Structures are given as structure tokens and as C-alpha cells.
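Q: Pasting a structure here, questions to come.
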Amino acid sequence: MRSEEIRDLSDADLAARVTELQEERFRLRFRKATEALETPMRLRELRKDLARLKTVQRERALAATQR
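Here's what the structure looks like:
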């Protein structure tokens with residue numbers, strides 16, 4: 027996901043997307059331990075997407091407390 031797409035999401039959509047990606051990352055990590063992954067780069071992509079989503083969540087939380 028691009029940062030612009032993430033910033034367009036509502037807070038509820040952002041939280042839902044974080045949960046969804048965390049679950050997908052967990053499943054992929056579990057599969058990686060038991061078998062070879064078709065796309066091992068997906069783990070890296072998920073980790074970076076999660077970081078982007080959490081960064082935007084944190085920015086919004088800080089902006090809300092400064093008001």
C-alpha cells in the first residue's frame with residue numbers, strides 16, 4: 027500500500043486493515059516454518075505495510091492529543 031492510500035482510510039478502516047495484515051503475517055510465518063513459501067517476499071511487504079499503517083495511526087493519535 028502507498029502512504030497516500032493509507033492516509034485516505036478512516037480510523038476504523040485503518041484498524042481493520044492492521045488486524046487483517048497481522049493475521050496474514052502470522053499465517054505466513056507459521057507456513058514458513060513448516061514449508062517453503064511461494065512468495066517469500068510477501069513477508070517483507072507485509073511487515074512494511076504494517077509499519078506504514080501503524081505510523082499513520084500513531085500520527086493521528088498524537089494529533090488528537092495535541093488539540
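Going letter by letter, the sequence shown gives residues 27 to 93 in our numbering.
Ideal Cβ positions, reconstructed from N, Cα and C, are used throughout, including at glycine.
Since we're looking at a predicted model, the values are computed, not measured.
#1: Output needed for Glu50: all residues of its chain with C-beta closer than 7 Å, excluding positions within five of it in sequence on either side, in chain order.
#2: When you compare only the Cα positions, how much space is there between Gln92 and Glu64?
#3: Could you pull out every residue in the same chain whose Cβ sits closer than 6 Å to the Cβ of Met27, ignoring the five residues on either side in sequence?
#4: Going by DSSP, what residue range makes up the alpha helix (DSSP H) through Met27?
A: With the given structure in hand:
#1: Sequence index remark: in the sequence shown, residue 50 carries index 24 (1-based). Hits under 7 Å: Leu72.
#2: Position 66 of the sequence shown, counted from the start, is the residue given in the question as residue 92. Position 38 of the sequence shown, counted from the start, is the residue given in the question as residue 64. Their backbone Cα atoms lie some 45 Å apart in a straight line.
#3: What you label residue 27 is simply residue 1 of the sequence shown in a count that begins at 1. A distance below 6 Å between beta-carbons, with the five flanking residues on each side excluded, links Met27 to the following residues of its chain, in chain order: Asp75.
#4: Working through the sequence shown from its first residue, we reach residue 27 at position 1. Unbroken run through Met27: none, as it is neither H nor E.
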